[in-house]
Structure formats: C-alpha cells, structure tokens
Amino acid sequence: MDDFYLDCDDILATEKSVKCRANRTLPRMGYLIGLSAQAELPEQSVVEMPFWKAKHLSSGKHAPFSIILPGMYRPKFLNVALAEPAVFPMTKALPQFYQFVIHIFPLFPDLSIDLRETIARIYRGRVRMITGYAYNDNSVLKPTHLDNWETKMFQIGRSGHLALLNTCFRQF
Numbered sequence: 001m002d003d004f005y006l007d008c009d010d011i012l013a014t015e016k017s018v019k020c021r022a023n024r025t026l027p028r029m030g031y032l033i034g035l036s037a038q039a040e041l042p043e044q045s046v047v048e049m050p051f052w053k054a055k056h057l058s059s060g061k062h063a064p065f066s067i068i069l070p071g072m073y074r075p076k077f078l079n080v081a082l083a084e085p086a087v088f089p090m091t092k093a094l095p096q097f098y099q100f101v102i103h104i105f106p107l108f109p110d111l112s113i114d115l116r117e118t119i120a121r122i123y124r125g126r127v128r129m130i131t132g133y134a135y136n137d138n139s140v141l142k143p144t145h146l147d148n149w150e151t152k153m154f155q156i157g158r159s160g161h162l163a164l165l166n167t168c169f170r171q172f
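Residue numbering for the sequence shown follows the UniProt record's numbering, beginning at 1 and increasing consecutively.
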C-alpha cells in the first residue's frame with residue numbers, strides 16, 4: 001500500500017484515539033492535559049490524540065511523543081478473543097480492528113511473533129465463522145458482532161452463495 005494514499009476505511013481506522021506518552025517536557029503544550037496554554041506538558045505525561053497525528057508526532061529521531069500500544073492489541077485481550085473468536089464482539093473492540101492492525105503494527109517492531117500469530121489465528125477463526133454464516137440458509141440477517149471489514153466479507157459470501165443457489169435451481 002502506498003504510504004501517502006488512504007481509502008475511506010483507512011481514514012476511519014486512523015481516526016481512532018490512542019494514548020501517547022510525552023518523551024520530554026514540552027513547552028506551551030499543557031493544554032493537552034487541561035492546564036493553561038502557557039504551561040509545560042511534563043515528561044512522561046499521557047495524552048490522547050488521533051492515531052494519524054500520533055503516528056507523525058512519534059516518528060523521527062527526537063520524537064516528542066511515543067504511542068502506547070492500545071489495550072485491544074495486548075496479549076490479555078487477544079487471548080480472550082482467541083479463546084472463542086466466533087462470539088467475540090469485535091465491534092466493541094474497534095469497528096476497523098484489522099485495518100488498524102495494519103497501521104499500528106509497523107510502529108511496534110518489538111512486538112513478539114506470538115502476538116502477531118495470535119491476531120492471525122483470530123482472523124482465521126473469524127473467517128471460518130463468517131463463511132459459516134454466509135453459507136447458512138437459515139441465517140437471513142448478518143451477525144451484529146462483526147467489524148466493518150467482516151461485514152463486507154459476509155455480504156460478498158452471502159451474495160455469492162445465493163447466486164450459486166440461483167444457478168443450481170434454475171438448471172433443474
């Protein structure tokens with residue numbers, strides 16, 4: 001993906017607020033934590049800002065902020081999702097869960113391979129679940145606990161299944 005091009009899903013995913021820690025004392029930035037505009041933002045202060053802004057303010061050699069990994073991507077949270085991916089309410093975690101992973105993981109190269117593999121296993125489990133829902137003739141409505149990307153995948157699977165059934169029944 002081109003670093004300078006964002007589609008609508010990427011824009012929605014990067015709008016999510018993330019917590020950032022100040023790497024040094026920042027003059028006239030106290031307003032970020034409710035102080036006056038002239039006050040300093042103390043070192044190690046935690047502030048929230050949209051991910052797209054935090055990404056740029058945390059890059060470079062002398063970055064003023066560093067992004068704190070959101071709780072939904074920490075091992076404790078992911079282990080709960082991995083235990084039963086089919087019933088995990090992904091929309092409560094983040095409507096753009098997978099799109100946000102694509103943007104946030106490059107910023108944390110020290111994350112263990114296990115954590116990345118856990119997200120891949122959650123993804124595979126949920127794909128199986130969505131495929132089951134899409135090909136189930138008794139299920140007319142889509143499940144409510146899908147994130148935005150999963151909803152699109154369900155709709156594509158459902159329309160493909162219905163088209164296949166239409167074709168099969170027309171021949172007989």
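Each residue gets a CB set at the ideal place from its N, CA and C atoms; glycine is no exception.
Handout entry: Buried or exposed by the 16-neighbour rule on C-beta atoms within 10 Å, applied to F100
Key = Around the beta carbon of F100, 16 or more other beta carbons sit within 10 angstroms, so the residue counts as buried.
Handout entry: As assigned by DSSP and simplified to three states, the class of R21
Key = In the structure shown, R21 sits in a strand (DSSP, three-state: E or B).
Exercise for the section: Please classify F97: does DSSP put it in a helix, a strand, or coil? Expected result: If DSSP states are grouped into helix, strand and coil, F97 belongs with the helices.
Problem - Other residues of its chain near R24: CB distance less than 6 Å, five sequence neighbours each side excluded - result: Spatial neighbours of R24 in its own chain (CB-CB distance under 6 Å, excluding positions within 5 residues in sequence) are listed in chain order as E43.
Handout entry: Candidates N166, A134, Q96: closest to N148 by CA position
Key = With distances taken between CA atoms, N148 lies nearest to Q96 out of N166, A134, Q96.
Handout entry: Beta-ladder partner(s) of L41, from DSSP
Key = DSSP output for L41 lists L26 as bridge partner(s).
Problem - For E48, the three-state DSSP class (helix, strand or coil) - result: Collapsing the DSSP output to three states places E48 in a strand.
Problem - Cα-Cα separation between D2 and F169, rounded to whole angstroms - result: In this prediction, D2 has a pLDDT of 47, which is less than 50 and means its spatial position is unreliable; what the coordinates show is noted afterwards. Our two residues, D2 and F169, have alpha carbons roughly 44 Å apart in a direct line.
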